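Let me begin by presenting the structure, written as structure tokens, before commenting on it.
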Amino acid sequence: MDFSFSDEQQMLQDMLSRLVREHYGFEQRDQVRRSAPGFSEAFQAQLAELGVLAVPIDEAHGGMGGSGVENLVVMQELGRGLCLEPYLESQILGGGLVQALGSESQREALLPALAAGELLLAVASEEPRTHYRPEWTETRAERAGDGWRLTGRKSVVIGGQAAHRILVVARTAGEPGECDGLSLFLVDPAAEGVQRRAYPTMAGPWACDLTLEGVMLADDALLGAAGGAFEALGHQLGHAMAAQCAEALGSMQQACELTLDYLKTRQQFGKPIGRFQVLQHRMVDMTTELELATSMTILAACVADEPASQERSRQLIAAQHVVKRAAQFIAEQAIQLHGGIGMTWEYSLAHHARHLVMLGHRFGDDDRHLKAYADLLEAS
Amino acid sequence: MNIHFSEQELAFRDEVRAFLADELPADIAAKVRLGKKLSKQDHQRWQAILHRRGWYAANWPLEYGGTGWSVVEKHLFEEECAAAGAPRLISFGVNMVAPVIIKFGTPEQKAHYLPRILDGSDWWCQGYSEPGAGSDLAAVKTRAVREGDHYIVNGQKTWTTLGQHANWIFCLVRTDPEAKPQAGISFLLIDMESPGISVRPIITLDGAHEVNEVFFDNVRVPVANRVGEENDGWTCAKYLLTHERTGQAGIGISKAALAHLKEIARHEVIEGRPALEDPLLRQRLAEVEMRLMAVEMSTLRILARAQAGGVPGAESSILKITGSEIRQAISDLARRVLGPHALPFLAEELQLEHDGEPLHADYSVAPAAQYLNLRKLSIYGGSNEIQKNILAKAQLGL
Ligand SMILES: Cc1cc2nc3c(=O)[nH]c(=O)nc-3n(C[C@H](O)[C@H](O)[C@H](O)COP(=O)(O)OP(=O)(O)OC[C@H]3O[C@@H](n4cnc5c(N)ncnc54)[C@H](O)[C@@H]3O)c2cc1C
Ligand SMILES: Cc1cc2nc3c(=O)[nH]c(=O)nc-3n(C[C@H](O)[C@H](O)[C@H](O)COP(=O)(O)OP(=O)(O)OC[C@H]3O[C@@H](n4cnc5c(N)ncnc54)[C@H](O)[C@@H]3O)c2cc1C
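Going line by line, the protein sequences match chains C and X.
Heads up, the final residue of the first sequence is numbered 380 in our numbering, and it's a clean run with no missing numbers.
Heads up, the final residue of the second sequence is numbered 1398 in our numbering, and it's a clean run with no missing numbers.
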């Protein structure tokens, strides 16, 4: 057993940590967040140049073939800086889906460009009635000549506002609720019949809603076998969830540091508020949650690379549950311990808190994962 | 033992219900239900309607234009208003400074300020907190120095709720820096239009402008604007805080919020069924509803005691803690039930004039922002930690 980073991983962490500090000061971030595309193109270019964008991409396609642990290293630093670039959605989930489902020519067409930062992907998995479960997809793709005709609505596509291509989950067969019949299509958001409405999210990054009205797709827009995307999608969502845990971890660490610092400096009743035992214990509870979340994030990063199994699913769901609970607890207590200051937009803590709570709205909150785990418990 | 309202009280409740059915503007009620921001005009419209009926100053004695209602009647009125989706009254004038003026003010102060509160001429805000004086309110540093018939005020107040709408502010100021903290404070009424006052917005984490910083730079305030004796402002401050704490459980607001949450859950879909049928969500709803029932019953017990002439004591801290936790829990569920649709941050859509197509549904815009905004409930009005300190000391003798 060895829980330490390799030298390369440590170097990656140091490099990113420095880069994030340079690019993601509070003011800089607020500027970036305000206007389209909702992230820093300069920072994204730096990530490309330093090879960070290539980390999770397969070595055969211009990437570095990084494991779940490399994803952990990257996402933790991006989370610490509350970075707004769609790394998770584009590089990890988008790239992972292309690798898992794409043909060799599709991979060759997309992955090197993705690794080089010339292509941005987004994944449209949510709809008005999916509630984190892709098997409830209603968007349909029907055969039309040699290609496909796509119709439906997609909600809250994170990074979709700037993506060059969007991977759309659609039903080519079956009914909502069935896992069979789901397919994955590569859609050009500029294509006729695609409408996107962009907006910032509560978590920080921007997203868009998509209306798809009879969008005509060529045959090679389909990734993988028609109707057979569900398993690969589930497996790649597992990678994304592990990465999201790491992102949360970085942000939780910051929130805890800021709060601890505040307890030592804020004076009321003639002493630092950190002298009040109730606040000491609360801070200890936060740190304890952080500790457990760290452990589960490591677990998730390591099992993400394993082939699909019920055990892997259970562990990833458990990690999401523990981390998301910790994230909300830490966010709420960090605000509470700061008093009014914790509620002000002009202080980075508020943005960590927003991020930590709202990341429960991608891939599901702790209660959804509690229920998912309970369902698997019965089966085991 | 009888846990029911009397015939007379029930008749009163029906009267309130009928009034609300007739008079509460539907557009305002809809905004309240959907969690949209109310404009100053919305508040003023509702206040005027209540004033016409003689019900605006529910807590004042009859002689000043109040209602003379019993504590139970006041409670019923508040709860019915909340349940119907009426805006919560901005309490700084009618329910904070007015009781202080009625209790400690001179006849001239009463004659001047009270009618102006009743008819909506003045909008008040509360200038207690300062950067260095939050929970430790007695640490206020804003300085008032006597100069003939005036005080010259210098300093800063913060977290001033809706100060951007206000033309008057009541302040705790330090008049004797040598005395013990509580002993050197006076209670001043200050015209916000006075030269030397500036107001700066503080944007909160939900993106809203609700609180402000208020700066005082050599502001001249007539000595006649002092309520109570010089250096005896703490008495007014404490009296006001007990008023601030009543009705804090917000039972009616929680009931309305819970009903709205169930309505959302009827429309949202989880695993192909209305979210309201999701077993885990139902369990969460059940938890909060049962707890709300317990807090309501506790409120009634305290009311009955007050009706019989008892003074509400430390128990009101229990109501503040549990009531705020329940409201926060409901807002937490309202955001969760929306799933991914809670994510869009459309601050402009919280404004009233926006009539663009909502992204998902009209009810999906506000819950996440409201969840964030309601973190304040456990911070202000005496934080929940401070309430527990009060309970430990006053109720338990620790
Ligand atoms: C089943 C059992 C087996 C044991 N076996 C042994 C044994 O084999 N040998 C032995 O030597 N002892 C033994 N103990 C004793 C044990 O170590 C003591 O019970 C323990 O140290 C607590 O002391 P106390 O019971 O006097 O409680 P106290 O110290 O009086 O504590 C009472 C409560 O006050 C809290 N408290 C105390 N100080 C603080 C503080 N500064 N801040 C916040 N909270 C505080 C405590 O957490 C506790 O909740 C045993 C106890 C039990 C219950
Ligand atoms: C949205 C909002 C609106 C407000 N509106 C107004 C207004 O209109 N007018 C006005 O005057 N004020 C207003 N306030 C201010 C409010 O009253 C203060 O925020 C509150 O008193 C807490 O003070 P603080 O923010 O300085 O936090 P602090 O007092 O610094 O508290 C920080 C943390 O320490 C804890 N703490 C402090 N002392 C102790 C102790 N002895 N034991 C244990 N824990 C302790 C607190 O509970 C909190 O968790 C508002 C605040 C907010 C957030």
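Yeah, the Cβ is synthetic: ideal placement off N, Cα and C, and Gly gets one too.
Keep in mind the model is a prediction, meaning the values are calculated, not measured.
Item                                                                                                                                                                                          : Value
Just reading off the alpha helix (DSSP H) that residue 321(C) is part of, what are its end residues?                                                                                          : 310-338
Quick one: residues in its chain with C-beta nearer than 7 Å to the C-beta of residue 1373(X), no 5 flanking neighbours on either side, listed in chain order?                                : 1204, 1206, 1208
Compute the Euclidean distance between the alpha carbons of residue 1098(X) and residue 1289(X), then round it to the nearest angstrom.                                                       : 35 Å
Give the C-beta separation of residue 1113(X) and residue 1172(X) to the nearest angstrom, bearing in mind that I take them to be a contact with Cβ-Cβ under 8 Å.                             : Not quite, the Cβ-Cβ distance comes to about 18 Å (not below 8 Å), so this is no contact.
I want to know whether the segment 1001-1020 of chain X touches the segment 1069-1077 of chain X - three or more CB-CB distances under 8 Å.                                                   : yes
Please name the residue in 1370(X), 1340(X), 1369(X), 1366(X) whose C-alpha comes closest to that of residue 126(C).                                                                          : 1340(X)
Roughly how many angstroms separate the alpha carbons of residue 4(C) and residue 295(C), rounded to a whole number?                                                                          : 12 Å
Provide the residue span of the beta strand (DSSP E) that contains residue 1152(X), from first to last.                                                                                       : 1150-1157
Short of 6 Å in beta carbon distance, which residues of its chain neighbour residue 1077(X), apart from the five on each side in sequence? Order them along the chain.                        : 1016, 1058
At the level of alpha carbons, what is the spacing between residue 1081(X) and residue 1332(X)?                                                                                               : 23 Å
Quick check: is the beta carbon of residue 1427(X) nearer than 9 Å to any beta carbon in chain C?                                                                                             : No statement about residue 1427(X) is possible, as the shown extent of chain X runs from 1001 to 1398 and does not include it.
Are the Cβ atoms of residue 186(C) and residue 237(C) separated by less than 9 Å?                                                                                                             : no
Where does residue 1353(X) fall in DSSP's three states?                                                                                                                                       : Because residue 1353(X) carries a pLDDT of 44, less than 50, the predicted location of this residue cannot be relied on, and the following value inherits that uncertainty. Residue 1353(X): coil per DSSP, three-state reduction.
Might you give, ordered along the chain, the residues of its own chain that have their beta carbon closer than 8 Å to the beta carbon of residue 1018(X), omitting 5 neighbours on each side? : none
Tell me whether residue 1104(X) sits in a helix, a strand or coil according to DSSP, three-state version.                                                                                     : helix
Starting from the Cα of residue 155(C), find the closest Cα among 123(C), 180(C), 147(C), 140(C) and give me that residue.                                                                    : 123(C)
At a CB distance below 9 Å, what residues from the segment 1367-1391 of chain X approach chain C? Give them in sequence order.                                                                : 1368, 1369, 1371, 1372, 1373, 1375, 1376, 1378, 1379, 1380, 1383, 1384, 1385, 1388, 1389
For residue 164(C) and residue 38(C), what's the separation of their Cα atoms in angstroms?                                                                                                   : 15 Å
Below 8 Å, is the gap between the Cβ of residue 278(C) and the nearest heavy atom of ligand 2?                                                                                                : yes
Give me the residue from 377(C), 371(C), 363(C) with the minimum Cα distance to residue 132(C).                                                                                               : 363(C)
With contact counted as at least three CB pairs below 8 Å, one residue from each stretch, are the segment 351-369 of chain C and the segment 316-325 of chain C in contact?                   : yes
For a test of your reading of the model: does the CB of residue 265(C) fall under 8 Å from any non-hydrogen atom of ligand 2? Yes or no.                                                      : no
Taking the alpha helix (DSSP H) that residue 1046(X) falls in, what are its first and last residues?                                                                                          : 1040-1053
Is residue 1003(X) close to chain C? Criterion is C-beta to C-beta, closer than 9 Å.                                                                                                          : no
What separation, rounded to the nearest whole angstrom, lies between the Cα atoms of residue 188(C) and residue 1357(X)?                                                                      : 25 Å
Look at residue 1169(X) and residue 1157(X) and say whether their C-beta atoms are less than 9 Å apart.                                                                                       : yes
How many angstroms separate the CA atom of residue 1361(X) from the CA atom of residue 212(C)?                                                                                                : 19 Å
I'd like to know whether the C-beta atoms of residue 1324(X) and residue 1248(X) end up nearer to each other than 9 Å.                                                                        : yes
Rounded to whole angstroms, how far is the Cβ of residue 1087(X) from the Cβ of residue 1042(X), which I believe are closer than 8 Å?                                                         : 7 Å
What residues match up with residue 392(C) in a beta bridge as DSSP calls it?                                                                                                                 : Because chain C spans 1 through 380 in this model, residue 392(C) falls outside it and cannot be assessed.
Leaving out the 5 sequence neighbours to the left and right, which residues in its chain are closer than 8 Å to residue 1352(X) when beta-carbon positions are compared?                      : Residue placement at residue 1352(X) cannot be trusted, given a pLDDT of 41 that sits under 50; the coordinates are not used to answer.
Given a threshold of 16 other Cβ atoms within 10 Å of its Cβ, counted over all protein chains shown, does residue 1260(X) qualify as buried or as exposed?                                    : buried
Label residue 1003(X) either buried or exposed according to how many other C-beta atoms from any shown protein chain fall within 10 Å of its C-beta, with 16 as the threshold for buried.     : exposed
Show which residues of chain C have a CB atom less than 9 Å away from the CB atom of residue 1234(X).                                                                                         : Chain C residues near residue 1234(X): none, gap ~15 Å exceeds 9 Å.
Any chance the CB of residue 1236(X) is under 8 Å from a heavy atom of ligand 2?                                                                                                              : no
So residue 1222(X) and residue 1149(X) are supposed to be a Cβ contact under 8 Å. How far apart are they, rounded?                                                                            : 6 Å
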